[in-house]
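In this text, residue positions in the sequence shown follow the working numbering: the first is 213, and each later residue adds one.
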Amino acid sequence: MPGPGLEQHPLLPWLALHAAPGMGPVTARKLLRRLGETWYRDPAALRETGLSEELLTLLLTPRQALLARLLAWQDAADGRYILTQADAAYPPLLKNLHDAPLMLFVEGELNALSCHQVAVVGSRQPSYVGRENTKNLVPQLVQAGAAITSGLALGVDGLSHRAALDAGGTTLAVLGSGLEQCYPKRHQALAAEICARGGTLISEFEPWVRPLAHHFPRRNRIISGLSLGVLVIEATERSGSLITAQFALEQGREVFAIPGAWQNPQAAGCNRLIQQGAKLVCCVADIVDELTEFSLAAIKIHPSATVETLPYPDLLDNVGIEATAVDLIASRCQQPVQEVVTRLVELELAGWVEAVPGGYVRARRS
Numbered sequence: 213m214p215g216p217g218l219e220q221h222p223l224l225p226w227l228a229l230h231a232a233p234g235m236g237p238v239t240a241r242k243l244l245r246r247l248g249e250t251w252y253r254d255p256a257a258l259r260e261t262g263l264s265e266e267l268l269t270l271l272l273t274p275r276q277a278l279l280a281r282l283l284a285w286q287d288a289a290d291g292r293y294i295l296t297q298a299d300a301a302y303p304p305l306l307k308n309l310h311d312a313p314l315m316l317f318v319e320g321e322l323n324a325l326s327c328h329q330v331a332v333v334g335s336r337q338p339s340y341v342g343r344e345n346t347k348n349l350v351p352q353l354v355q356a357g358a359a360i361t362s363g364l365a366l367g368v369d370g371l372s373h374r375a376a377l378d379a380g381g382t383t384l385a386v387l388g389s390g391l392e393q394c395y396p397k398r399h400q401a402l403a404a405e406i407c408a409r410g411g412t413l414i415s416e417f418e419p420w421v422r423p424l425a426h427h428f429p430r431r432n433r434i435i436s437g438l439s440l441g442v443l444v445i446e447a448t449e450r451s452g453s454l455i456t457a458q459f460a461l462e463q464g465r466e467v468f469a470i471p472g473a474w475q476n477p478q479a480a481g482c483n484r485l486i487q488q489g490a491k492l493v494c495c496v497a498d499i500v501d502e503l504t505e506f507s508l509a510a511i512k513i514h515p516s517a518t519v520e521t522l523p524y525p526d527l528l529d530n531v532g533i534e535a536t537a538v539d540l541i542a543s544r545c546q547q548p549v550q551e552v553v554t555r556l557v558e559l560e561l562a563g564w565v566e567a568v569p570g571g572y573v574r575a576r577r578s
């Protein structure tokens, strides 16, 4: 049963707008500009707005039971927050959007919301190159002063959260479900670690809401809306990451993309973004130069390692960062396939190459 006094709770008007089917954030903001936050106590003025009778009925439906359930969720554990656009802790960059969420459900470190953020997104099935680019660029962005924001999905999202944590940075995850319904489930431990290490989980959906397909584009506008810029690591031409990039462009955010070989379908989305005006990224300086909130001077330059003599240099010269088939390597080296296979196994054991679907790639040691 709803607790006493909830009829006057300040969250109730926001919850009524948030929960009414057909009342999106754009329409809700127009109503708030016209009537202010006291609209809930003035049904007569509300009826003069021209809204349909059906929507008026929904807006004036009692929401105390839903509010009581949300407050119980908030009070069940430390570090849980329900924010409205009226709260000082609501992220200012996000609040400036015309379709900013009316309410945010947050778990973790509230101050993380005010950090300068860079969104890192990409394929759910990144190639070896995509994984390596994520692992290399995210720590440098952290060193430059950026918090890393992504969507907790498999692939580049999860790798970017992990790389930020391993670099001692702050990372924020925006979910396409409620915070009690972590998706994908295999990232539950990662979500808990994000909170435990000073990061934040964010959703515009009530905590118990399950992930649905139409939630994820809505989530993507929040990822870009929180951030100063969006880096697309790797994406096909039909990737959800391109939706995030499109939101970023509409929101006036910087868009960055890493190019790839035109034959690689995982690079097609990034290459298309670059054709459309996204900034081509070859190193972290290409991002930091566009975002004055961060500093290249903070990035640690590691001394060059002692040069080692390369084993089988003629073979290694024909293994690149894109997967190369064994028969193609043998053809380039003009060596028997069986001899090439034997040497590749030796090089893999020594850390010079790595076996991947489709052949071999250079390992980080190279």
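Every residue, glycine too, gets a C-beta built ideally from N, C-alpha and C.
Note that the structure is a prediction, hence the values are computed from the model and not measured.
Rounded to the nearest angstrom, the Cβ distance from PHE428 to GLY452 is 6 Å, consistent with a contact under 8 Å. A check of alpha carbon separations from LEU272 across ILE406, SER415, ALA284, LEU258 identifies LEU258 as the nearest. For HIS230, same chain residues with a beta-carbon under 7 Å away, outside a window of 5 residues either side, are LEU314, MET315 in chain order.
Here ALA535 is near VAL573, since their CB atoms are less than 7 Å apart. Bridge partners of ARG292 according to DSSP: GLU319. For the pair GLU446 and PRO338, the CB atoms are nearer than the 7 Å cut-off.
Boundaries cannot be given for THR273, as no beta strand (DSSP E) includes it and DSSP labels it neither H nor E. For THR239, the enclosing alpha helix (DSSP H) has its first and last residue at 237–247. For the pair PRO351 and GLY390, the CB atoms are not nearer than the 7 Å cut-off. Only residues of its own chain outside the window of five on either side were considered, and among them TRP226, MET315 have a CB closer than 6 Å to the CB of THR296, listed in chain order. With contacts defined as CB atoms closer than 7 Å, SER335 and VAL386 fail to qualify as a contacting pair. Apart from the 5 residues on each side of it in sequence, ARG544 sits with its Cβ closer than 7 Å to the Cβ of ASN530 in its chain, given in chain order. Per DSSP, the unbroken alpha helix (DSSP H) holding ARG343 starts and ends at 340–355. Within the same chain, VAL341, VAL573, ARG574 come within 7 Å of ILE533 by CB-CB distance, once the 5 residues on both sides are set aside.
Secondary structure of ILE360 (DSSP, three-state): strand.
Between the alpha carbons of CYS327 and LEU384 lies a gap of roughly 10 Å.
Across the structure, HIS399 and GLU392 are spaced so that their CA atoms are roughly 12 Å apart. With respect to the C-alpha of PRO255, the residue from LEU270, ARG241, LYS242 having the closest C-alpha is LEU270. Following the DSSP letters along the chain, one finds ALA385 inside the beta strand (DSSP E) bounded by residues 383–386. In the assembly as shown, LEU325 is a buried residue. Its beta-carbon has 16 or more other beta-carbons within 10 Å. In summary, HIS373 is buried, with 16 or more beta-carbon neighbours lying within 10 Å of its beta-carbon over all protein chains present. With 16 or more other CB atoms across the displayed protein chains lying within 10 angstroms of its CB, SER439 is buried.
Contact between GLN478 and THR448 holds, with the beta-carbon distance rounding to 6 Å and staying under 8 Å. LEU527 sits buried, since 16 or more C-beta atoms from the chains shown fall within 10 Å of its C-beta. Within the segment 444–506, the beta strand (DSSP E) runs of at least 3 residues that lie entirely inside it are, in chain order, 466–469. In terms of Cβ geometry, ALA356 and SER507 form a close pair [threshold 7 Å]. Residue state for LEU413 is assigned as strand, using DSSP reduced to three classes.
Taking C-beta atoms as the reference points, GLY410 and GLU265 fail to come closer than 7 Å.
Taking the Cα of LEU353 as reference, the smallest distance to any Cα among ILE511, VAL552, TYR293 is reached at ILE511.
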